[in-house]
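Asker:
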Amino acid sequence: MGKDQRVLFNTTIFGPIHSRRLGTSLGINLSPNDGKVCSFDCLYCEAGYNAQGKGKSGLPKREEVRESLRHKLREMKEKGESLDVITFSGNGEPTLHPDFPGILDDVLALRDEFFPDAKVSVLTNSTRIFTPSVAEALKKADNNILKLDSGINETMKLIDRPTSPSFTVDKVVEGLKVFKGSGIIQTMFLRGEHNGVKVDNITPGEIEALIKAYKEIGPREIMIYSLDRSTPEEKLVKVDKEELNDIAKRITTETGIPVVVA
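The opening residue of the sequence shown carries number 12 in this note's numbering; numbering runs sequentially from there.
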């Protein structure tokens, strides 16, 4: 993908799509439909870099999200369609929406009404876990999927490019302990180059640092994956499934925590 290209979700409710990690998933995009709002600016984000701007549509209102989701779930129910999960993802970080806690409550209620067996998942980059209302809301999700791409600060900043200079690995690992036994830690593995700098979070030192962080956090599960779609940085390389499986075995052996390879 060229640096001026991106893949944006142009609706608030999208799908259902098949997620390699979650199954049949109906998505919720709490970012603008024509731009990106995120507290990371990841090299691998399929929505492109933050430099594209926030667009003009603005964030969807809580009422709009609720009624759009109600309409879609009713439609799916009437058609006899199945649903495994409702997933907060989209064009940026969902927890940045000022009404995220209330919207999550609405989604849980609608799930209970239409598809009570479906799970509610939140894909979050972990930057907002220090806000008490957001942390408490995340605890309500069936799958609270929290990002940690490296246990080494320099690597995390190279890959994830957090917009806040105060965001560090030490800080986020400490914050993630709040979700001990319940959260799911998600790690993207990749190799490549960015602006002449080597990118690689699969070296022995990187794996050791991640294992140390996983042990401290104590999640109920770890989810590891690699590139599946085009990225704004063209010089990134996907890690093959066999190598991911080897990493997963080592993590489980050393931490005792189940690992899912997506």
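Using N, Cα and C, we set each Cβ at its ideal position, and we do this for glycine too.
1. Does the separation of the CB atoms of His82 and Leu41 fall below 8 Å?
2. Bridge partners of Gln197, per DSSP?
3. Determine the closest residue to Ile28 out of Met87, Val272 and Ile233, with distance taken between C-alpha atoms.
4. Can you name the start and end residues of the alpha helix (DSSP H) that Pro176 belongs to?
5. Quick one: what's got a C-beta closer than 6 Å to Ala152's C-beta in the same chain, skipping five residues either side?
6. Leaving aside the five residues before and after Lys188 along the sequence, list all residues of the same chain whose C-beta is less than 8 Å from its C-beta, in chain order.
7. Under the three-state reduction of DSSP, which class applies to Asn282: helix, strand or coil?
8. Using CA atoms only, rank isn't needed, just tell me which of Phe190, Ile235 and Gly26 is closest to Val145.
9. In terms of residues, what are the limits of the alpha helix (DSSP H) holding His82?
10. Less than 6 Å between C-beta atoms, sequence neighbours within five positions excluded: which residues of the same chain meet that for Gly186?
11. In this structure, how does DSSP classify Lys182 when only helix, strand and coil are distinguished?
12. Measuring straight from C-alpha to C-alpha, what distance separates Ser137 and Lys150?
13. Could you pull the start and end residues of the alpha helix (DSSP H) that Ile256 belongs to?
14. Measure the Cβ-Cβ separation of Cys49 and Gly103 and say whether it is below 8 Å.
15. Tell me whether Asp181 is buried or exposed, calling it buried when 16 or more other Cβ atoms sit within 10 Å of its Cβ.
Answerer: In brief:
1. Result no, Cβ atoms of His82 and Leu41 do not sit closer than 8 Å.
2. Lys158 and Met234
3. For Ile28, the nearest C-alpha among the options comes from Met87.
4. No alpha helix (DSSP H) contains Pro176, which DSSP labels as neither H nor E.
5. The answer, listed in chain order, is Val131 and Val133.
6. Listed in chain order, the non-local C-beta contacts of Lys188 below 8 Å within the same chain comprise Glu227, Ile228 and Gly229, local neighbours out to five positions each way being set aside.
7. No information on residue 282 is available, as it lies outside the stretch 12 to 273 that the chain covers here.
8. Phe190
9. Boundaries of the alpha helix (DSSP H) harbouring His82: Arg73 to Glu89, taken from the DSSP string.
10. Residues of the same chain with a CB within less than 6 Å of the CB of Gly186, apart from the 5 flanking positions on each side, are Ile140 and Phe141 in chain order.
11. helix
12. Approximately 13 Å between the Cα atoms of the pair.
13. First, the amino acid is wrong: residue 256 is Asn here, not Ile. Its alpha helix (DSSP H) spans residues Lys252 to Thr266.
14. yes
15. exposed
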